[in-house]
Amino acid sequence: MVCPVCSSDSSQFYLRVKDFTVSTNYFELNRCSECAFIFTKDPPGKDAIGKYYKSNEYISHTDSSKGWMNKVYQLVRNFTILQKIQLLKKYTGLQSGNLLDYGCGTGAFLQHAQHTGWEVTGIEPDEIAMKRASDLTGKQIYAPHELAELPNTAFDVITLWHVLEHVHDLHATIEQFKRILKKHGILVIAVPNHFSWDAKYYQAYWAAYDVPRHLYHFDPVTIDILLSKHGFNRKAIKPMWFDSFYVALLSEKYKQGKSNPLVALFIGLVSNIQAIFQSGTCSSQIYIYKRDIN
Ligand SMILES: [Zn+2]
0 MVCPVCSSDS SQFYLRVKDF TVSTNYFELN RCSECAFIFT KDPPGKDAIG
50 KYYKSNEYIS HTDSSKGWMN KVYQLVRNFT ILQKIQLLKK YTGLQSGNLL
100 DYGCGTGAFL QHAQHTGWEV TGIEPDEIAM KRASDLTGKQ IYAPHELAEL
150 PNTAFDVITL WHVLEHVHDL HATIEQFKRI LKKHGILVIA VPNHFSWDAK
200 YYQAYWAAYD VPRHLYHFDP VTIDILLSKH GFNRKAIKPM WFDSFYVALL
250 SEKYKQGKSN PLVALFIGLV SNIQAIFQSG TCSSQIYIYK RDIN
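Residue numbers (numbering that gives the first Met the number 0): 0 to 293.
This is how it looks when you write it as structure tokens:
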């Protein structure tokens with residue numbers, strides 16, 4: 000399998016990881032010999048991966064408030080959504096504008112953005128989530144293949160909140176973003192970071208490997224290589240402090256076979272403290288890109 004970022008056909012075995020949430024199958028991660036990008040080797044294709052999303056635990060697609068973990072997840076989500084909207088304002092210099100959320104899930108972020116004055120568009124592959132997002136925003140939500148039908152230079156912001164690692168047509172999709180983004184628009188990408196302390200601590204149990212749903216395992220170096228191939232320059236990296244705790248909660252469960260919130264809290268904290276002293280090493284990070292246009 001060639002490297003999804005640089006197309007080199009030379010890569011080495013990196014880690015063997017189990018799908019803990021759905022199939023319990025094992026998948027291998029490979030590391031590209033040229034650009035060091037880490038990717039899931041031979042993942043199910045676009046048409047076959049659907050069944051790996053069929054799980055009650057895949058809570059990003061539901062709004063279930065059952066269980067304390069889901070309750071905390073939703074409280075944190077509402078707080079982080081407000082922070083995300085502040086981020087858009089800061090890096091576009093706009094109070095409102097045209098926003099595309101690619102992989103909008105059930106539409107919570109779109110709804111908040113809409114309430115603060117943004118004109119919103121959503122794209123989502125899951126039909127149930129799509130329907131919920133459409134009900135929340137009163138907007139038609141598009142399927143991923145409809146991205147190519149959106150007009151040129153239409154958006155001030157495109158956001159992908161933990162989505163790019165799921166996208167099969169990586170380069171074609173980024174090219175579409177380039178086409179529909181305004182000249183000074185921003186591309187905002189949040190992804191897990193295997194440079195983090197929690198990734199190194201949990202190794203194959205690190206929940207953010209999430210094979211085979213996560214096709215790619217980014218870090219600050221390789222994501223820049225990918226985006227620079229499409230003419231994007233990084234303007235900022237923002238740590239996502241809450242993700243360390245959430246990923247540690249799941250990872251702890253995978254490793255020990257049961258939840259251990261206190262240990263997870265401790266591991267998340269250690270990871271965050273480490274990331275304060277070494278920038279670019281938070282468990283998940285938001286990358287903000289702009290194009291090289293004067
Ligand atoms: Zn490569």
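Glycine included, each C-beta is placed from N, C-alpha and C at the ideal position.
| Check | Outcome |
| --- | --- |
| Any residue with its Cβ nearer than 5 Å to a heavy atom of ligand 1 should be included. What is that list in chain order? | C2, V4, C5, S7, C31, E33, C34, F36 |
| With DSSP as the reference, identify every bridge partner of T23, one or two as the case may be. | DSSP, once it has assigned bridges, lists no residue as partnering T23. |
| For I224, would you say it is in contact with chain C, using Cβ-to-Cβ distances shorter than 8 Å as the test? | Protein chains in the displayed structure number just one, and chain C is not present. |
| Under 8 Å, do L93 and T136 count as touching if we go by C-beta distance? | no |
| Considering only residues of the segment 114-201, which uninterrupted alpha helix (DSSP H) runs meet the minimum length of 4 residues and lie entirely inside it, listed in chain order? | 126-136, 169-179, 196-201 |
| Can you check whether the CB of V187 is closer than 8 Å to the CB of A299? | Outside the shown range of the chain (0 to 293) lies residue 299, about which nothing can therefore be said. |
| Apart from the five residues just before and just after F194, which ones in its own chain have a Cβ nearer than 6 Å to its Cβ? | D218, T280 |
| Just to confirm my understanding: we take A247, look at its own chain, exclude 5 residues before and 5 after, and list those with CB closer than 6 Å. What are they? | D197, A263, I266, G267 |
| According to DSSP, what are the bridge partners of N29? | F12, F38 |
| Just curious, the alpha helix (DSSP H) that P232 is in, first and last residue? | In the sequence as displayed, the identity of residue 232 is Asn instead of Pro. N232 -> not in any alpha helix (DSSP H); beta strand (DSSP E) instead, spanning 231-238. |
| Output the distance between the C-alpha atoms of Y90 and D223, rounded to the nearest integer angstrom. | 18 Å |
| Alpha carbon to alpha carbon, what distance is there between Q73 and L86? | 20 Å |
| Counting C-beta neighbours from all protein chains within 10 Å, is the total for L261 16 or more, i.e. buried, or is it exposed? | exposed |
| Would you call the CB atoms of L169 and T152 closer than 8 Å? | no |
| Candidates F176, Q175, V162: which alpha carbon is nearest V190's? | V162 |
| Given this structure, state the Cα-to-Cα distance separating A171 from H216, to the nearest angstrom. | 19 Å |
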